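Asker: Position in the sequence shown (from 1) plus 23 gives the number in UniProt numbering.
We put the CB at the ideal spot given by N, CA and C, even for glycine.
Bear in mind that the values here come from a model prediction, so they are computed numbers and not experimental data.
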Amino acid sequence: SPSSARRSSIGSQKNDSHISGRVRVAVRIRPRNAEELIVDADFGDCVELQPELKRLRLRKNNWDCETYQFDEVFAETASQKRVYEVVAKPVVESVLEGYNGTVMAYGQTGTGKTFTLGRLGEEDSADRGIMVRAMEDILSDISPENDSVTVSYLQLYMETVQDLLAPERDNIPIVEDPKTGDVTLPGATLVPIIDHRSFVRLLQVGEANRFAANTKLNTESSRSHAILLVNVRKVGRAKPDREVVVLSENGNCVQVAKGNRVPTIRKSKLVIVDLAGSERVYKSGSEGHTLEEAKSINLSLTALGKCINALAENSPHVPTRDSKLTRILRDSFGGTARTSLIITIGPSPQHRGETASTIMFGQRAMKVENMVKLKEEFDYKGLCRRLESELDKLIVENER
Ligand code: ADP
Ligand code: MG
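#1: If you follow the beta strand (DSSP E) that R47 is in, where does it begin and where does it stop?
#2: Can you round the beta-carbon distance between V184 and L208 to whole angstroms, since I take them to be within the 8 Å contact cut?
#3: DSSP state of F93, grouped into three classes?
#4: Go ahead and pull the three-state DSSP assignment for F69.
#5: Taking the alpha carbon of G44 as the reference point, which residue from K398, E392, T238 has its own alpha carbon closest?
#6: Taking its Cβ as the centre, do 16 or more other Cβ atoms sit within 10 Å of A249, making it buried, or is it exposed?
#7: Taking 6 Å as the limit between beta carbons, can you name the residues of its chain near Q278, skipping five residues before and five after?
#8: Is the beta carbon of T287 sitting closer than 7 Å to the one on E116?
#9: So, helix, strand or coil for P215, using DSSP?
#10: Which one of A49, N321, T343 has the shortest CA to CA distance from A111?
#11: What is the rounded straight-line gap between the Cα of R233 and the Cα of D415?
#12: How many Å lie between K306 and K404 at the Cα?
#13: With DSSP as the reference, identify every bridge partner of Y176, one or two as the case may be.
#14: What does a CB cutoff of less than 6 Å around M127 pick up in its chain, not counting 5 residues either side in sequence?
#15: Hey, would you say R353 sits closer than 7 Å to C69, going by beta carbons?
#16: According to DSSP, simplified to helix, strand and coil, what is K390?
#17: At a threshold of 6 Å, does R53 count as lining ligand 1 (C-beta to nearest heavy atom)?
#18: Have a look at S31 and N275 and give me their C-alpha separation to the nearest angstrom.
#19: Taking the continuous beta strand (DSSP E) assigned at F401, which residues delimit it?
#20: Say yes only if the C-beta of T137 is nearer than 6 Å to one or more non-hydrogen atoms of ligand 2, and no if none qualify.
#21: Between which residues of its own chain and G308 is the CB-CB distance below 7 Å, once the five residues before and five after are set aside?
#22: Out of H340, P215, C88, which one is the CA nearest neighbour of V255?
#23: Measure the alpha-carbon distance for E108 versus V419 and round it to whole angstroms.
#24: With distance defined between alpha-carbon atoms, name the residue in Y122, S301, D205, T173 nearest to H219.
#25: Can you pull the DSSP bridge partners for M181?
#26: Under 8 Å, with one C-beta from each stretch per pair, do the segment 237-248 and the segment 165-180 reach the 3-pair mark?
#27: Since I believe L334 is in contact with Y122 (beta carbons under 8 Å), could you give me their beta-carbon distance rounded to a whole number of angstroms?
#28: Hey, L72 and V96 are a contact pair by Cβ (cut 8 Å); roughly how many whole angstroms apart?
#29: Under a three-way DSSP split, which group does A326 fall into?
#30: On the DSSP letters alone, give me the boundaries of the alpha helix (DSSP H) that Q278 sits inside.
#31: Could you give the residue range of the beta strand (DSSP E) that holds I365?
#32: Grouping DSSP H, G and I as helix and E and B as strand, with all else coil, what is G141?
#33: Check the DSSP bridge columns for S171 and list the partner residues they point to.
#34: Quick one: residues in its chain with C-beta nearer than 7 Å to the C-beta of V341, no 5 flanking neighbours on either side, listed in chain order?
#35: Return the chain-ordered list of same chain residues with a C-beta closer than 6 Å to the C-beta of L350, the five sequence neighbours on each side being excluded.
#36: Compare the C-alpha of R265 against each of K281, E120, D65 and name the closest.
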């Protein structure tokens with residue numbers, strides 16, 4: 024039928040297998056901080072990096088090491104620019120081509136997740152993080168007349184989604200389209216981004232609201248997940264693989280032959296997730312958290328770990344619905360998105376245990392395969408409108 028033809032998505036017809044769907048995992052170690060330089064001065068780091076081999080060796084004891092292979096290994100000297108270019112840029116480029124994309128940071132509190140993703144930096148400064156660099160690339164690619172970029176910024180704390188751009192919206196529902204499986208948060212503020220400055224401003228407002236909300240709740244940002252959603256809408260052109268007949272709004276029948284190019288709309292989404300600290304909350308030693316808080320934070324991260332395990336083992340049951348985090352990230356792991364994970368670790372031998380568990384999380388995530396799919400639909404409505412207006416013009420010219 025005409026309406027089903029209009030709805031048909033190109034991704035399902037086109038072979039996207041040229042893009043590998045495996046989740047990419049990079050490790051980044053942060054430099055020793057002042058305290059570690061002094062207190063651990065006599066001790067070597069708990070890991071040894073072999074960046075040229077993309078390998079990392081975790082010290083088990085004085086004479087034994089375990090070696091792990093990753094997609095990329097960044098030493099403490101790696102620049103923000105290089106981390107962006109290796110970890111995030113390929114994902115951003117896919118999003119601009121019409122694929123969903125995810126960049127996520129996982130690791131113990133204090134290892135550099137927010138530094139890597141959320142660092143604002145001064146204009147053009149070298150320490151700008153992934154969020155601002157991604158938006159720079161997105162804005163330089165889209166055409167303001169035809170395309171659009173909108174952003175939502177959320178915090179997930181104790182299984183509640185809060186809008187960081189409108190603090191009064193403190194319980195945003197997650198909605199899944201039963202047909203497509205697409206997950207949306209329709210209650211969240213959507214801000215159109217027209218220039219880079221407005222985006223930096225948005226991140227600052229979000230950060231201030233996050234701080235205020237967490238002060239009120241007597242918690243720390245390391246206990247919650249920060250989620251930036253960037254929606255990109257672009258117009259394109261593609262050829263349907265079969266003849267299509269469409270009914271226009273004016274009741275005209277429009278026939279599109281097989282090889283003809285038709286306008287398309289690509290709606291893709293970039294999700295950037297700064298996860299809560301991966302350490303067990305009861306071990307964090309800081310005050311002000313309740314047992315309930317500890318359980319709830321562990322719930323989302325534990326559920327994410329379980330989903331990744333299930334996907335890595337090709338298990339038929341993936342418990343996506345067990346937490347809000349895994350529902351929001353449904354397309355990111357085991358879905359249609361291109362996903363890049365950066366795991367962050369510290370050098371201190373004191374945190375060897377947490378570092379080991381972060382490494383294991385990264386190793387399992389490397390086994391997750393997504394079915395990357397183009398989020399593009401033929402814009403038959405737009406085509407009909409254009410044809411009809413051209414027809415009107417011809418008629419007017421004829422009557423003159
Ligand atoms: P997390 O978000 O994982 O809790 P942060 O990003 O807040 O950790 O980093 C903790 C501290 O370490 C911050 O002061 C940050 O500036 C510093 N830091 C983290 N990674 C790096 C790095 N690669 N180079 C320099 N400083 C870093
Ligand atoms: Mg942080």
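Answerer: Put simply:
#1: Counting along the chain, the beta strand (DSSP E) containing R47 begins and ends at 47-52.
#2: The Cβ separation is near 7 Å, so the contact holds.
#3: Three-state DSSP puts F93 in coil, outside helix and strand.
#4: It should be pointed out that residue 69 corresponds to Cys in this sequence rather than to Phe. C69: coil per DSSP, three-state reduction.
#5: Relative to G44, the option among K398, E392, T238 whose CA is nearest is E392.
#6: With a threshold of 16 other beta carbon atoms within 10 Å, A249 meets it and is buried.
#7: In chain order, V268 place their CB closer than 6 Å to the CB of Q278, counting only its own chain and leaving out the 5 sequence neighbours on each side.
#8: The answer is no: Cβ separation not under 7 Å.
#9: Per DSSP, reduced to three states, the secondary structure at P215 is strand.
#10: For the residues A49, N321, T343, the minimum Cα distance to A111 belongs to A49.
#11: Whole-angstrom Cα-Cα distance: 54 Å.
#12: Annotation note: pLDDT 47 at K306 (below 50); position unreliable, coordinate value reported separately. In a straight line, the C-alpha of K306 is about 57 Å away from that of K404.
#13: For Y176, which the question treats as bridged, DSSP gives the partners L251.
#14: So the list reads V296, L364, once near-sequence residues are dropped.
#15: The Cβ-Cβ distance between R353 and C69 does not fall below 7 Å.
#16: Three-state result, K390: coil.
#17: Flag set: Cβ of R53 near ligand 1.
#18: Interpretation of S31 is limited by its pLDDT of 46, a score under 50 that renders its predicted location unreliable; no figure is taken from the coordinates.
#19: Annotation: the continuous beta strand (DSSP E) that includes F401 extends over 399-401.
#20: True, at least one ligand heavy atom lies under 6 Å from that Cβ.
#21: Reliability fails at G308, whose pLDDT of 47 lies under 50, so the model's placement of it is uncertain and the value that follows must be treated cautiously. In the same chain as G308, and ignoring 5 residues on each side of it, no C-beta atom comes closer than 7 Å to its own.
#22: The residue with the shortest Cα to Cα distance from V255 is P215.
#23: As the crow flies, the alpha-carbon of E108 is around 53 Å from that of V419.
#24: The option with the nearest alpha carbon to H219 is T173.
#25: BP columns for M181 are empty, so no partner.
#26: Touching, per the Cβ criterion.
#27: Taking the Cβ atoms as the reference, Y122 lies roughly 19 Å from L334, outside the contact range of under 8 Å.
#28: The Cβ separation is near 5 Å, so the contact holds.
#29: If DSSP states are grouped into helix, strand and coil, A326 belongs with the helices.
#30: Looking at the DSSP string, Q278 is not in any alpha helix (DSSP H); the run it does join, the beta strand (DSSP E), is 276-279.
#31: Membership of I365 in the beta strand (DSSP E) is indicated by the continuous run 361-368.
#32: The answer is helix: DSSP assigns G141 an H, G or I state.
#33: Bridge pairing for S171: R256 [DSSP].
#34: Same-chain partners within the cutoff: C330, A333, L334, G357.
#35: What sits at residue 350 in the sequence shown is Arg, not Leu. Same-chain partners within the cutoff: I197.
#36: R265 has its Cα closest to that of K281, out of K281, E120, D65.
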